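Only one structure is covered here, and it is reproduced in the block below.
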Amino acid sequence: MPAKEIAPKHIAAPLLAWYDRSHRRLPWRAPPGANAADPYRVWLSEIMLQQTTVAAVIPYFEHFTTRWPTVEALAAAEDGDVLAAWAGLGYYARARNLLACARAVAEGHGGHFPSTEEALLGLPGIGAYTAAAITAIAFGERAVVVDGNVERVVARLFAVEEPLPSAKPALRTLTDTITPTARAGDFAQAMMDLGATVCRPRSPDCLVCPIADSCDAARRGIADLLPKKAQKAPRPVRYANVYVLRDRGEILLVRRPPRGLLGGMLGLPMSEIADAPMADNTHPGAPALTRWSRGEGRVTHVFTHFELHLTVFSGDLSGITKPAGDWRAADESAARDLPTLFRKALDFAACVDDF
DNA sequence: GAAACGTGGAC
DNA sequence: TGTCCAAGTTT
2 MPAKEIAPKH
12 IAAPLLAWYD
22 RSHRRLPWRA
32 PPGANAADPY
42 RVWLSEIMLQ
52 QTTVAAVIPY
62 FEHFTTRWPT
72 VEALAAAEDG
82 DVLAAWAGLG
92 YYARARNLLA
102 CARAVAEGHG
112 GHFPSTEEAL
122 LGLPGIGAYT
132 AAAITAIAFG
142 ERAVVVDGNV
152 ERVVARLFAV
162 EEPLPSAKPA
172 LRTLTDTITP
182 TARAGDFAQA
192 MMDLGATVCR
202 PRSPDCLVCP
212 IADSCDAARR
222 GIADLLPKKA
232 QKAPRPVRYA
242 NVYVLRDRGE
252 ILLVRRPPRG
262 LLGGMLGLPM
272 SEIADAPMAD
282 NTHPGAPALT
292 RWSRGEGRVT
302 HVFTHFELHL
312 TVFSGDLSGI
322 TKPAGDWRAA
332 DESAARDLPT
342 LFRKALDFAA
352 CVDDF
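The numbering of the first sequence is the working numbering, which starts it at 2 and goes up by one.
Printed below as a string of structure tokens:
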């Protein structure tokens, strides 16, 4: 019954001491000894960090906070500007929910984020993890903050053999038992930092871990085998066509439907996504009836749940009525606001046709 | 509960 | 090269 032997203070005290010693400076973190963190910055960083690495987030966070320093400023922004600023970060529903949340806070809460988990959970894009993280980090209130790092640390600490994701409820309960009341935000961040830098998914560095004394997996030498994970489904391969339509120095971009894959983002005109390649002489989803020339080869882009093989067609408008859409100068900057998928397709087309 | 939803870095 | 993974949420 190792769970009983690990008292909160045996974890929190050495962990917090380690955190104070090794404190990582990150743009959304209040410097040591400074005033409490700004809820807007905490919230923004937590949304951006969902399933996304710190290194990828930093430049986006700097850009967003410079351009929209407050939640009210963000709430007043144009949808297209925010989505464009998010381009390349991925999981674009986050950007759509970000705006919806900012507007809810600005209009429904007087520009102040609510400070309870329950109220935070009611806001778009804020789930169990983010609500707890904001409660602890921005408001200093005790909350049980469980992300992927914490699950890993706790699974090892208590040598939980049950695989994820079914172990989630047990891991949450165990996290509750070691969560202190004091320094709630620091404890949460310390757990996540530990998971990111010491209690890593592969090759955990138990020799330098501040809580290895209390760790059942370390004691038994099985830390690198935990947590166990259920097998994931294989990634299917799918196909689509994209169209680079030119008119003199411009190319056509279109706004995608507001939900679903890359929802709301600007992109190249694209066919439906199919399970097999389309015949070269049919052009479902093409923006105009013109002569299309197929690029040699395909662009491959790997999403979480499928691998997309894109055939890139280019064509010239040459006198046909200009279809509606966002016509952009056909240079490198055309790809600026686009999801990576379309940046790749444009790069591919540029290599083939050098426009 | 399972599937949808991006991207880039590490090994 | 392929696989795994990163501070998850929504439907």
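C-beta atoms are modelled at their ideal positions from N, C-alpha and C, and glycine is treated no differently. Keep in mind it's a predicted model, so treat the numbers as computed, not measured.
> Which residue from 109, 247, 44 and 333 puts its Cα closest to that of residue 287?
Replying inline: 247
> Looking only at its own chain, which residues have a Cβ that is under 7 angstroms from the Cβ of residue 277, when we skip the five neighbours before and after it?
Replying inline: Cβ neighbours of residue 277 beyond the five flanking positions: 240.
> Does DSSP classify residue 80 as helix, strand or coil?
Replying inline: The three-state secondary structure of residue 80, taken from DSSP, is helix.
> What first and last residue would you give for the alpha helix (DSSP H) that runs through residue 149?
Replying inline: For residue 149, the enclosing alpha helix (DSSP H) starts and ends at 149-158.
> Starting from residue 63 and walking both ways along the alpha helix (DSSP H), at which residues does that stretch end?
Replying inline: 55-68
> Got a sec? Which residues, its chain only, sit under 7 angstroms from residue 177 by beta carbon, not counting five neighbours each side?
Replying inline: Hits under 7 angstroms: 145.
>> Among 58, 163, 254 and 46, whose alpha-carbon lies nearest the alpha-carbon of residue 30?
In response: Comparing Cα-Cα distances from residue 30 to each of 58, 163, 254 and 46, the minimum goes to 46.
> Starting from residue 282 and walking both ways along the beta strand (DSSP E), at which residues does that stretch end?
Replying inline: Per DSSP, residue 282 belongs to no beta strand (DSSP E) and is neither H nor E.
>> According to DSSP, simplified to helix, strand and coil, what is residue 29?
In response: The answer is coil: DSSP assigns residue 29 none of H, G, I, E or B.
> With DSSP run on the structure shown, which of helix, strand or coil describes residue 140?
Replying inline: helix
> For residue 242, which residues does DSSP report across the bridge?
Replying inline: 312
> Three-state secondary structure (DSSP) at residue 109?
Replying inline: helix
> On the three-state DSSP scale, how would you describe residue 167?
Replying inline: coil
>> Check whether the stretch 326-337 and the stretch 297-313 are in contact - that is, three or more C-beta pairs closer than 8 angstroms.
In response: no
> Would a C-beta distance cut-off of 8 angstroms place residue 199 and residue 350 closer than the cut-off?
Replying inline: Their beta carbons are not under 8 angstroms apart, which means residue 199 does not touch residue 350 by this criterion.
> DSSP on residue 5, reduced to helix/strand/coil?
Replying inline: Residue placement at residue 5 cannot be trusted, given a pLDDT of 48 that sits under 50; what the coordinates show is reported in the next sentence. Reduced to three states, the DSSP call for residue 5 is helix.
> Buried or exposed: where does residue 5 fall if 16 or more other Cβ atoms within 10 Å of its Cβ makes it buried?
Replying inline: Low confidence applies here, because residue 5 scores a pLDDT of 48, under 50, leaving its location unreliable; read the following figure in that light. Counting Cβ neighbours within 10 Å, residue 5 comes out exposed, since fewer than 16 surround it.
>> Rounded to the nearest angstrom, what separates residue 53 and residue 274 at their Cα positions?
In response: 25 angstroms
> Excluding sequence positions up to five away, which residues of its chain have a Cβ less than 7 angstroms from the Cβ of residue 250?
Replying inline: Closer than 7 angstroms at Cβ, skipping near neighbours: 330 and 331.
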